[in-house]
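Step one of this worksheet: look at the structure below.
Residue numbers (our numbering), protein chains in the order written: chain A, 36 to 260; chain B, 44 to 423.
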């Protein structure tokens, strides 16, 4: 007897949207709603024991973090269903495009881009004040909702709970690197991100101080030669 | 154009003579190998590299000037024919770097040649690109001093991820020191060999290389004392943990940049376990490695694999595993019989003896290194 595969029943395998580093993303119609299914599959390059542990850990924490972020009033996809056997999360499809795509397409005017950056800072501040660390803050993990233009965060696969300024600082540092490496042509957008963060965070000074130390910690900053 | 380059950013001192098409005419090098359980310190390493009579008398160390002579002799050229002199400008260990810089300046004055300072990291990547023909790969740069995921974006090489504490090679070296593994030829190589005998996975989960290292160091003392596991098990666990992290971060960068090609450069890139991991992550992988010991079955893992290796010890049967394999090797020690094994096999080697053996075997597609370009045309 072959095992029942819910993804196959939904016809998901024909609708692969993306294969990211975390897993496969399918787009299906689930309970008549456009749904994104994120499936974590076995990583062959990892030791099976280590892989099983990491997959389970990230699956659980992603589902929990999505819920927590929602409670904090951040736009995130709503969870419709979780399948702990196949490590699948069924969630709302956010209509719109990623911030990365928007910046690359040139869909955003410089003023609009600055507004979006400020909004990113505000959202991250809200997340951090609530004690949640995203863990993979890049512009590909941020969506601009169609119509309203509101900013939504996706991919909480590496997120965790923490109130430490260290974790918040590292989170910001990851975001800064993402901005510098992918969007350096779009001007100094990260300044606007920090600006948005400063205006909305309750712990701005301590987080910023720690962020500065984390930044200084980056290796070979000067790259002599 | 001919260039002579001196590299001395860490415990290796090397002199290379290269033509502008990427042909390596000679590349003699010496490694400062310290006793097991110890590392190399900048001062001693610099003394090893330079022409220091007091030090050399006691230890019979090779020095940089004989290496320069050797490089010129092997390449069969005179200083007059050189167009420029290059040296590693950084980053690296201060003392050893100065040795290369000073010698280059001296030679420049003697021979009246211009100097070009080279960034070590960029050199690693560019060297990889020249020889593999990769256009726009994600680069995993893993060595004793660096651990970075780099990609070319918006006109510059940009670091997409890097270790913020210690480099992976440093992590491996220090772990080897704790186990008192030999530093000859390299600590990482000996960990790799020992790990093959290990099977039990000890929990070494942490998020930073230094964290894993301190944990492993404690584990070495405690677990070995209680005989809970063997050094081989520890090496095995150590590799599994750190390489899983490296492959994952590379995979993330690939997803972020939308790139399908990976180039592994740097000393740790020689590690077969790491290469197999990267092969598992995506197709169209370019491997660039030195001292690679291949095992049967590796090539079966991915299609369109391009292997580029120096000092390759091949075992019979390996080549039969994958079709369309392109091997580019210097100083290849092949065993007779290997060449008959694979179809569509393109060997590119500078070892004359091998070329003769291949010709006898009826394999026409053996090219000397100087026809490097033709091979890449063939690939396209």
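Where is the CB? At the ideal position from N, CA and C, for every residue including glycine.
Around the beta carbon of residue 136 (chain B), 16 or more other beta carbons lie within 10 angstroms, which makes this residue buried. For residue 172 (chain B), the closest Cβ of chain A is not nearer than 7 Å. Taken in chain order, the complete alpha helix (DSSP H) segments of 4 residues or longer contained in the stretch 190-222 of chain B are 211-221. By the Cβ criterion, the stretch 187-199 of chain B is in contact with the stretch 210-218 of chain B, since at least three pairs of Cβ atoms, one from each stretch, lie closer than 8 Å. The beta carbon of residue 105 (chain A) does not come within 7 Å of any beta carbon belonging to chain B, so the residue lies off that interface.
Between residue 159 (chain B) and residue 127 (chain B), the gap from beta carbon to beta carbon is short of 7 Å.
A Cβ-Cβ contact shorter than 7 Å links residue 76 (chain B) with residue 226 (chain B).
Within chain B, 196 have C-beta atoms less than 7 Å from the C-beta of residue 217 (chain A), given in sequence order. Annotation: residue 118 (chain A) is outside any alpha helix (DSSP H); the continuous beta strand (DSSP E) that includes it extends over 114-118.
Chain B places a beta carbon closer than 7 Å to that of residue 82 (chain A), counting this residue as a contact. Where residue 178 (chain A) is concerned, the enclosing beta strand (DSSP E) starts and stops at 177-180. From the beta-carbon of residue 100 (chain A), no residue of chain B is found nearer than 9 Å; the closest lies around 17 Å away. Look at the stretch 44-70 of chain A: the residues with a C-beta under 9 Å from a C-beta of chain B are 53, 54, 55, 56, 57. Around the beta carbon of residue 64 (chain A), fewer than 16 other beta carbons sit within 10 angstroms, so the residue counts as exposed. Within the same chain, Cβ atoms closer than 6 Å to the Cβ of residue 138 (chain A) are found at 218, 221, the five residues on either side in sequence being excluded. Inclusion of residue 124 (chain B) and residue 45 (chain B) in the CB contact set at 7 Å is warranted, their separation being smaller than that value. Boundaries of the alpha helix (DSSP H) harbouring residue 146 (chain A): 145-164, taken from the DSSP string. When C-alpha distances from residue 172 (chain B) are compared across B:305, B:311, B:317, B:314, the shortest belongs to B:305.
In the structure shown, residue 57 (chain B) adopts extended strand secondary structure according to DSSP, grouped into three states.
Put simply, the backbone Cα of residue 198 (chain A) is about 28 Å away from that of residue 119 (chain A). Of the candidates A:230, A:47, A:248, the residue whose Cα lies closest to the Cα of residue 151 (chain A) is A:230. Identification of chain B residues near residue 252 (chain A) by a Cβ-Cβ cut-off of 7 Å yields 207, ordered along the chain. The beta carbon of residue 85 (chain A) sits closer than 7 Å to some beta carbon of chain B. In the displayed model, residue 44 (chain B) falls within coil according to three-state DSSP, outside both helix and strand. Contacts with chain A at 7 Å (Cβ-Cβ) do not include residue 145 (chain B).
Here the C-alpha atom of residue 225 (chain A) lies approximately 28 Å from the C-alpha atom of residue 134 (chain B). Setting aside the 5 residues that flank it on each side, residue 138 (chain B) is surrounded in the same chain by 85, 86, 89, each with a C-beta closer than 6 Å to its C-beta; the list follows chain order. For a Cβ distance threshold of 8 Å, residue set 299 of chain B lies close to residue 173 (chain A), ordered along the chain.
At least one CB atom of chain A sits nearer than 7 Å to the CB of residue 294 (chain B). Residues 44 of the same chain have their beta carbon placed closer than 7 Å to that of residue 63 (chain B), with the five preceding and five following residues left out of the count. Here residue 249 (chain A) is near residue 204 (chain A), since their CB atoms are less than 7 Å apart.
Of the residues assessed, residue 44 (chain A) falls on the exposed side of the cut-off, its CB having fewer than 16 other CB atoms within 10 angstroms. Within 10 angstroms of the beta-carbon of residue 194 (chain A) lie 16 or more other beta-carbons, which makes it buried. Taken through DSSP and simplified to helix, strand or coil, residue 69 (chain A) comes out as strand. Each of A:200, A:81, A:68 was checked against the Cα of residue 128 (chain A), and the nearest Cα belongs to A:68.
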